[in-house]
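Position in the sequence shown (from 1) plus 94 gives the number in my numbering.
Glycine included, C-beta positions come from ideal geometry on N, C-alpha and C.
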Amino acid sequence: MKIKNYPPEKQLKIVISGSGGQGIMLLGKLIAGLATKKEKYTTWIPSYGAEIRGGSAYCFVKISNSPIASPIIDKPDIGIIFNRLAFKRFKGRLEESKLIILNSDLIKKTDLPSSIEKISLPLNTMAAGCGNVKVANIIVLGVLSALKLDFATYRNALDMLNFVFHKKEIRKSNIKAFREGRAAVKLLNH
């Protein structure tokens with residue numbers, strides 16, 4: 095599966111939104127890190143709610159082959175949405191996106207245009223199956239890798255996960271989650 099009209103002419107704009115504790119910021123940092131490793135210009139801008147866990151959390155990631163003038167994103171190419179509140183917050187911005195990845199455990203239905211490609215996966219259930227409910231974000235990294243985004247190659251992402259996660263058990267569950275995300279996209283294509 096490939097995203098329609100990718101790569102974009104100038105920049106790839108990604109919004110990742112959910113609640114504190116869902117790994118929103120880590121996923122954004124990993125995506126930005128992978129792009130930087132491929133010698134892309136990147137920006138990563140986090141936004142936290144007042145609460146530490148359970149409050150609103152989102153970040154913007156921009157990736158470009160040329161310098162980026164502003165890190166702010168009005169209309170993302172890709173929306174990664176982890177819960178219903180996040181969907182409500184960004185729905186207006188997502189209506190012209192090329193792809194939206196949704197957590198179907200927490201978002202049951204959307205009324206977005208049919209022109210938007212949607213990948214709806216039970217991320218919480220899948221994460222629990224990996225032995226760690228906190229790896230839903232890494233499942234999404236696997237999804238992005240399976241979409242053949244030029245910066246999120248299988249090898250680069252695995253190298254990044256091995257670098258970031260030092261404890262063996264945590265690294266193991268994150269690598270399993272990454273592979274589950276890739277496998278889920280392959281199943282959607284059949």
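- The C-alpha of S198 is placed about 5 Å away from the C-alpha of S214.
- In the displayed model, K280 falls within a helix according to three-state DSSP.
- In the structure shown, G173 adopts extended strand secondary structure according to DSSP, grouped into three states.
- For F245, the secondary structure class from DSSP, reduced to helix, strand or coil, is coil.
- Annotation for P140: M119, C153 place their beta carbon closer than 6 Å to its own, counting only its chain and skipping 5 residues before and after.
- In the assembly as shown, R249 is an exposed residue. Its beta-carbon has fewer than 16 other beta-carbons within 10 Å.
- The C-alpha of G149 is placed about 30 Å away from the C-alpha of L243.
- Excluding five sequence positions before and after I172, the CB atoms of its chain that fall closer than 6 Å to its own CB belong to I108, L193, given in chain order.
- Per DSSP, the continuous beta strand (DSSP E) segment holding F154 begins and ends at 150-158.
- Cβ contact annotation for K131 (same chain, cutoff 8 Å, sequence separation greater than five): F245, N250, M254, in chain order.
- Per DSSP, T204 lies in no beta strand (DSSP E) and is assigned neither H nor E.
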